[in-house]
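Report on one structure; see the data block that follows.
In structure tokens form, the structure reads like this:
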């Protein structure tokens, strides 16, 4: 009888909502999992928010919390890599994107990000290897492989690939111009005297529109003598010679001179990848970018690029 009473009392304690030993005092496993997910999402979106306002270190701190809540999450690894890349910490950026790719090796976005890191480090050989993996996933990405071959000075491979593309899916406008530029790499000899007056330079280029050297002489002269002509022919430079870094430099200068500072920065960032083993030209890019950032009122960025230019000049 005593045992039966004890059992009834125990059951009453367990099911009494006011008892400290009730079920509500212990979270169910599914509730704990939901709580973890909510916390993860909270810190993950904080990380994205911090990154959007360029607080990359703060973003990383929030991602570290995410990683503690749910370790080895692919999206967290990807965001780690992107933030480290934006902090110019390329080794860390590579480490985290490689961790992510171990879990999702055919993810095109992550592979493309790894290519971007390799390009920033000017490690074009590694970038090519990754781009070949991307093409296995998306065959439409062969155009970027052409560009990487060019940057790695694999000109024969670049031309061969463009010939294959031309026979099949065709070449984009830029690739057609790049192909023409590669086929004319030895240059076109311009007959006659090298006259420096603008009208002669204009006539010389118009008669030899495939000659980059003729256009360069015209741009060099018009930059100080006739800015209207400089703006006109700098635009043609990028259209006609999309693989020439100088073309992007003069177009960037032209846009900056016209007060189109953000467009100038975008143009210069596109062209600097083509600069190979030419510290003087690279420094010129950075100096022009500094002026553009001055125009945007961003003194910090302007000084950053001036320092880069100075370092190159002193090296």
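Numbering (mature numbering (1 follows the signal peptide of the UniProt record, and there is no 0)), first residue to last: -22 to -1, 1 to 293.
All residues carry an ideal CB built from backbone N, CA and C; glycine is no exception.
May I ask you to report which of helix, strand or coil DSSP gives residue i?
i	result
residue 146	coil
residue 299	Because the chain is modelled from -22 through 293, residue 299 falls outside the range shown and cannot be assessed.
residue 83	coil
residue 151	helix
residue 272	helix
residue 40	helix
residue 118	helix
residue 175	coil
residue 99	coil
residue 293	coil
residue 65	coil
residue 48	coil
residue 187	coil
residue 134	helix
residue 33	coil
residue 162	coil
Are there 16 or more other CB atoms within 10 angstroms of the CB of residue i, so buried, or fewer, so exposed?
i	result
residue 109	buried
residue 278	exposed
residue 156	buried
residue 57	buried
residue 253	buried
residue 138	exposed
residue 40	buried
residue 69	exposed
residue 258	exposed
residue 183	buried
residue 16	exposed
residue 232	buried
residue 23	exposed
residue 31	exposed
In angstroms, rounded to a whole number, what distance separates the CA positions of residue i and residue j?
i	j	result
residue 122	residue 94	11 Å
residue 79	residue 256	34 Å
residue 97	residue 249	12 Å
residue 60	residue 276	23 Å
residue 82	residue 55	11 Å
residue 198	residue 64	35 Å
residue 203	residue 235	14 Å
residue 20	residue 99	34 Å
residue 181	residue 196	10 Å
residue 262	residue 14	51 Å
residue 84	residue 111	8 Å
residue 285	residue 141	42 Å
residue 144	residue 239	36 Å
residue 130	residue 12	49 Å
residue 268	residue 101	25 Å
residue 229	residue 115	35 Å
residue 66	residue 274	22 Å
residue 188	residue 162	8 Å
residue 50	residue 103	29 Å
residue 53	residue 117	25 Å
residue 214	residue 136	23 Å
residue 106	residue 92	11 Å
residue 36	residue 71	16 Å
residue 186	residue 179	10 Å
Excluding the five sequence neighbours on either side, which residues of its own chain have a C-beta within less than 7 Å of the C-beta of residue i, listed in chain order?
i	result
residue 18	44, 47 and 48
residue 74	55, 58, 59 and 62
residue 200	176, 207, 208 and 211
residue 291	261
residue 120	113, 139 and 143
residue 88	56, 75, 78, 79 and 82
Cutting at 8 Å between CB atoms, please list the residues of its own chain near residue i, excluding the five before and the five after it.
i	result
residue 219	155, 159, 190, 193 and 225
residue 217	155
residue 245	216, 226, 229, 230 and 233
Can you list, in chain order, the residues of its chain whose CB lies under 6 Å from that of residue i, leaving out five sequence neighbours each side?
i	result
residue 271	279 and 280
residue 170	Caution applies to residue 170, whose pLDDT of 38 falls short of 50 and renders its modelled position unreliable; the model cannot decide the point.
residue 132	none
- Every unbroken alpha helix (DSSP H) inside the region 191 to 262 [4 residues or more]: Counting whole runs of 4 or more residues, the region 191 to 262 contains the alpha helix (DSSP H) stretches 205 to 218, 223 to 235 and 239 to 249.
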